[in-house]
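Okay, so here's the structure we're looking at.
In UniProt numbering, the protein residues as written are 1 to 174.
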């Protein structure tokens, strides 16, 4: 027995291997040994894609960018990303810019939080040449120290703040 499923994909289904098909059933009683022929036919337009990527360097982010760029029918494609790795703050800002760019092009693109594990670790000297001093420099130093503190909500907030700072100063995005 076959079940064709839904002729149009409507959500991630991590069970069905090849969604978006209907079954064409021909009944020919003149062939007694095989009176029924079943042929799957692809008719669905939408795709739900899950990408698993390791991102540790700017090169890994460039590869992800290229893979997303090469995908066809972006307006009918939903992309769920499972990303793992360790990035500098600048690389995380570059990744965020990449994801922002493609979020506008795809029907939906986002992180699969349950399968995403990204650590953001500020590199030594990453914020040395911002051209700021005094209170602002002290605030950046405090954010860097908090971001390096580990796997806490405060560290995550500090990493996001530092990534935003780099994006606003446009240092990380080529």
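Even for Gly, the Cβ is constructed at its ideal location relative to N, Cα and C.
If we count the other Cβ atoms within 10 Å of its Cβ and call it buried at 16 or more, is residue 175 buried or exposed? A question about residue 175 goes unanswered here, because the residues of the chain that appear run from 1 up to 174.
Residue 67 (DSSP reduced to helix, strand or coil): In the chain shown, counting from the first residue as 1, residue 67 sits at position 67. Three-state DSSP puts residue 67 in a helix.
I need the boundaries of the alpha helix (DSSP H) containing residue 134, first residue and last residue. Working through the chain shown from its first residue, we reach residue 134 at position 134. First-last of the alpha helix (DSSP H) with residue 134: 134 to 147.
With three or more beta-carbon pairs closer than 8 Å as the criterion, would you say the region 138 to 153 touches the region 68 to 88? no
Residue 173 to residue 23 span [Cα, whole Å]: Working through the chain shown from its first residue, we reach residue 173 at position 173. Working through the chain shown from its first residue, we reach residue 23 at position 23. Confidence at residue 173 is low in this model, with a pLDDT of 48, below 50, so its placement is unreliable and the value that follows should be read with caution. If I take the Cα positions, the gap works out to 48 Å.
Please classify residue 52: is it buried, with 16 or more other beta-carbons within 10 angstroms of its beta-carbon, or exposed? As a first step, residue 52 must be located in the chain shown, where it is residue number 52. Looking at its Cβ environment, which holds fewer than 16 other Cβ atoms inside 10 Å, residue 52 is exposed.
Do residue 82 and residue 46 come within 7 Å of each other at the CB atom, strictly closer than that value? Residue numbering aside, residue 46 sits at position 46 when the chain shown is read from its first letter. Residue numbering aside, residue 82 sits at position 82 when the chain shown is read from its first letter. Not closer than 7 Å, so no.
Residue 54: buried (16+ other C-beta within 10 angstroms of its C-beta) or exposed? In the chain shown, the residue the question calls residue 54 occupies position 54. By the neighbour-count rule (16 or more Cβ atoms within 10 Å), residue 54 is not buried but exposed.
Taking the alpha-carbon positions, what's the residue 86 to residue 143 distance? Mapped onto the chain shown, residue 86 falls at position 86. Mapped onto the chain shown, residue 143 falls at position 143. In a straight line, the C-alpha of residue 86 is about 18 Å away from that of residue 143.
Tell whether a beta-carbon distance below 7 Å holds between residue 36 and residue 27. On the chain shown, position 36 is the one that residue 36 refers to. On the chain shown, position 27 is the one that residue 27 refers to. Contact flag set, yes.
Please state if the CB of residue 155 and the CB of residue 161 are separated by a distance shorter than 7 Å. The sequence position of residue 161 within the chain shown is 161, counting from 1. The sequence position of residue 155 within the chain shown is 155, counting from 1. Not in contact: residue 161 and residue 155 (Cβ atoms no closer than 7 Å).
Mind reading off the beta-carbon distance from residue 77 to residue 123? Whole number of angstroms is fine, and I expect it under 8 Å. The residue given as residue 77 occupies position 77 in the chain shown. The residue given as residue 123 occupies position 123 in the chain shown. The pair is not a contact, with the Cβ atoms about 34 Å apart (cut-off 8 Å).
May I ask you to report which of helix, strand or coil DSSP gives residue 114? Indexing the chain shown from 1 puts residue 114 at position 114. Helix.
N-terminal and C-terminal residue of the alpha helix (DSSP H) that residue 153 is part of: As a first step, residue 153 must be located in the chain shown, where it is residue number 153. First-last of the alpha helix (DSSP H) with residue 153: 153 to 169.
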